[in-house]
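Under the working numbering, residues -15 to 183 are what the sequence shown spells out, in order. All remarks here apply to the structure that follows.
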Amino acid sequence: QIRTRAPHVRFLRIGSRMVVQMPTRVTPELCAVLEKHRVQMINIHINHPKEITPLLRRRVKLLQKAGIMMGLQTVCLKGVNDSVEVMRELFMQSIEMGVRPYYVYSTDMVEGAHHFIVPHRRMLELYEGLRGWISGPAVPTFIVDGLGGLGKLPIIPSYVREEALPDGSGTTVKCRNYAGKTVEMPGLGQDFSLPSVSN
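As structure tokens, this is what we get:
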């Protein structure tokens, strides 16, 4: 009914933890229904590599055979997965089974969940412990849900150390790589915009 009621929807994506909590619900019959309604992507919610079981892998394979792209969403939880080692293992296991790590959410500010909240500085450290250290497609986007309906806000460290070095040109930019090594990039700060052409 979604397709008929909202024909302007071009990409249909579902987010669900059902595949993890009740993988036996993923059957050939369910896959046929999803395929019929042209569901293009399912983001499954996994928070720890121990949740990736042989049964889960088999049911993910069923969804993939139905032509559904698979993504991974994770919530950063203090004491559960807020370590670089756990996240590296989670995202590498995920990408190995054809599930693309998509989002890592900051814990929502809801009653009863404050003990799970990971400070944003720690989330930046976790991101930096992934980027460059594991396969690029296995690195998700870290986000926080903006209050008041502002949408998803990325939590991303800056790899630009200085935007203009004192070389007189103002176009040399100093950047750092994933391992913390810095490099000067001459010309990177230059504006190469072409002048507008009038008729």
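Note that CB positions come from ideal geometry on N, CA and C, so glycine has one too.
query                                                                                                                                         : result
What is the DSSP secondary structure of P85, reduced to helix, strand or coil?                                                                : strand
Inspect the beta-carbon positions of L56 and I26 and report whether they are closer than 8 angstroms.                                         : no
Once DSSP output is grouped into helix, strand and coil, what is the label at Q57?                                                            : strand
Just how far apart, CA to CA, sit I(-14) and R1?                                                                                              : 21 angstroms
Please classify N161 as buried or exposed, where buried requires at least 16 neighbouring CB atoms within 10 angstroms.                       : exposed
Mind checking P85: buried by the 16 CB within 10 Å criterion, or exposed?                                                                     : buried
Can you find at least 3 beta carbon pairs, one from the region 118 to 138 and one from the region 62 to 79, that sit closer than 8 angstroms? : yes
Tell me whether N183 is buried or exposed, calling it buried when 16 or more other Cβ atoms sit within 10 Å of its Cβ.                        : Since pLDDT at N183 reaches only 47, below the 50 mark, its modelled position is unreliable, and the value read off the structure follows with that caveat. Exposed, by the Cβ-count rule.
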